[in-house]
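Q: Read in numbering that gives the first Met the number 0, the sequence shown has 151 at position 152, and its numbers run on one by one without any break. The beta carbon of each residue, even a glycine, is placed where N, CA and C say it ideally should be. Supplied in structure tokens, the structure appears directly below.
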Amino acid sequence: MKTVRLGRTELRVTKTAFGALPIQRISKAEAVALVRRAVDGGINYFDTANAYTDSEEKLGEALRGVRQNVVISTKSAATDKKTALAHIEQSLRRLQTDYIDLFQFHNPAQLPDPEDPDGAFAAALEMQKKGCIRHIGITNHRLHIARAAIDSGNFETLQFPFCYLAAEQDLELVARCREADMGFIAMKGLSGGLLNNAEACYAFMGQYDNVVPIWGIQHPWELDQWLELTARDPGLTEELRAVIRQDRKELAGNFCRSCGYCLPCAAGIDIPQAARMSALLRRSPYRPYMSDEWHAKMHKIENCVHCDACKSRCPYGLDTPALLQLMLKDYDAFYAEHHADK
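Shown next, in the form of structure tokens:
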């Protein structure tokens, strides 16, 4: 399996990496079996976070006995030293390990300051001196924060959304990370599930030898898919380029990436799903969305109080309330046509 040098960390990680957010949604036994199957398949890099409920615990159980053969990254959104220390210590216990290969600041709204004695960076540096953390990185969804992180020189890796819908500024980040000798970890390689051609996604990532995509994996068939693609290692054919061109035409621009930073909603709207409903109806099995439950969920949009909190929190600058209204209009038209098919 191809490996990638993760910037100046000098960690060698498999180009096909395991994103462990989705294993929250399956039982511990299923998760342990899935992760061990990934290890057996050659994957050596696993990414999780303190905030992913029991993901760390499941990884810890699964990787017990092979810890020395794998690379683990986790994250904390703490902004103060005390909380960050507590999170790191908790992660170590959950992961059943005495060190974290890569600790990442989880989508901060502003860069952690290494000079602040009471800030989260101070905690990371303290734990690094103790050998509990080996490398320090950052994740983000905001372009200006990502750029500032690269310029600061304080972080060894950047984790950022990256897929074949990437705009020029996203491609620039990849190039800037290479120049700064920072590892680039690509999250949302399937754009929150909107991209449904795994081969095209895999082949696109293969063009960038400094990019490590972490594919969110929940089911054995998903793991098998990535292992099969890794073994075959397809390049970008003209057929795949056509798929990418069509998806860019349909999706690039004003679409929801389902990052969830808009939540919570004062009106109880499931924004990450509702704001991309048009694409979900046409790019995935639509029948589940024809249920009475989903009809009621979508009509919660009518209860929007226009507080604009979601809009202010969107890292992509979307006019979320306006987008939701468009999604409801489209959903109702689709529902009227297809409700009998549910």
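Round the Cβ separation of G209 and V173 to the nearest angstrom and send it over; I've been treating them as touching at under 8 Å.
A: Residue 209 is actually Asn in this sequence, not Gly. Right, their Cβ atoms sit about 7 Å apart.
Q: Is the Cβ-Cβ distance between I213 and M186 less than 8 Å?
A: yes
Q: Given this structure, state the Cα-to-Cα distance separating A32 from L124, to the nearest angstrom.
A: 34 Å
Q: Measure the Cβ-Cβ separation of Y44 and A16 and say whether it is below 8 Å.
A: yes
Q: What residue from Q217, Y201 and D223 has the CA that sits closest to V242's CA?
A: Y201
Q: I need the DSSP call for T229, collapsed to helix, strand or coil.
A: helix
Q: Report whether the distance from the Cβ of L222 to the nearest heavy atom of the ligand NAP is below 7 Å.
A: Here there are no bound small molecules, and the ligand NAP is not part of this structure.
Q: Return the first residue and the last residue of the alpha helix (DSSP H) that P320 is part of.
A: T319 to H337
Q: Can you tell me whether DSSP reads R133 as helix, strand or coil?
A: strand
Q: To which residues of the same chain is L239 closer than 7 Å at the C-beta, ignoring the five residues directly before and after it?
A: E198, A199 and A202
Q: Suppose the cutoff is 7 Å on Cβ atoms and the five residues either side in sequence are ignored; what does the same chain contact list for Y285 look like?
A: H337
Q: Can you tell me the Cα-Cα spacing of L272 and P263, whole angstroms?
A: Rather than Leu, the amino acid found at residue 272 in this sequence is Gln. Going by the C-alpha atoms only, they are around 13 Å apart.
Q: Got a sec? Which residues, its chain only, sit under 6 Å from F104 by beta carbon, not counting five neighbours each side?
A: P111 and I137
Q: Along the chain, where does the alpha helix (DSSP H) that runs through D79 open and close?
A: It is not in any alpha helix (DSSP H) - D79 carries neither H nor E in the DSSP assignment.
Q: For I144, report the span of its alpha helix (DSSP H) as first-last.
A: L142 to S151
Q: Can you check whether the CB of A145 is closer than 8 Å to the CB of F159?
A: yes
Q: Give me the residue from V70, G188 and L235 with the minimum Cα distance to S257.
A: Of the candidates V70, G188 and L235, G188 places its Cα closest to the Cα of S257.
Q: Looking at the structure shown, is M276 part of a helix, part of a strand, or coil, going by DSSP?
A: Look at M276 here: in three-state DSSP terms it is helix.
Q: Might you give, ordered along the chain, the residues of its own chain that have their beta carbon closer than 6 Å to the beta carbon of G40, omitting 5 neighbours on each side?
A: L226
Q: Compare the C-alpha of L62 against each of D169, L235 and D46 and name the closest.
A: D46
Q: Return helix, strand or coil for R4, following the three-state DSSP convention.
A: strand
Q: If distances are taken between C-alpha atoms only, which option among G191, E221 and Q245 comes closest to M276?
A: G191
Q: Is it right to say L101 is buried, meaning 16 or more other beta carbons lie within 10 angstroms of its own, or is it exposed?
A: Taking all protein chains shown into account, L101 has 16 or more neighbouring C-beta atoms within 10 Å of its C-beta and is therefore buried.
Q: Considering only residues of the same chain and omitting the five flanking positions on each side of A266, which have a CB-CB separation below 7 Å?
A: K299, N302, C303 and V304
Q: Tell me the rounded alpha-carbon separation between I87 and S75.
A: 8 Å
Q: Which runs of the beta strand (DSSP E) at least 3 residues long sit entirely within the stretch 236-319? Give them in chain order.
A: none
Q: Determine the direct distance from the alpha carbon of S283 to that of F254, and round the result to whole angstroms.
A: 16 Å
Q: For Q95, I'd like the list of residues in its chain whose CB is within less than 6 Å of its CB, leaving aside the five on either flank, ordered along the chain.
A: G59 and R63
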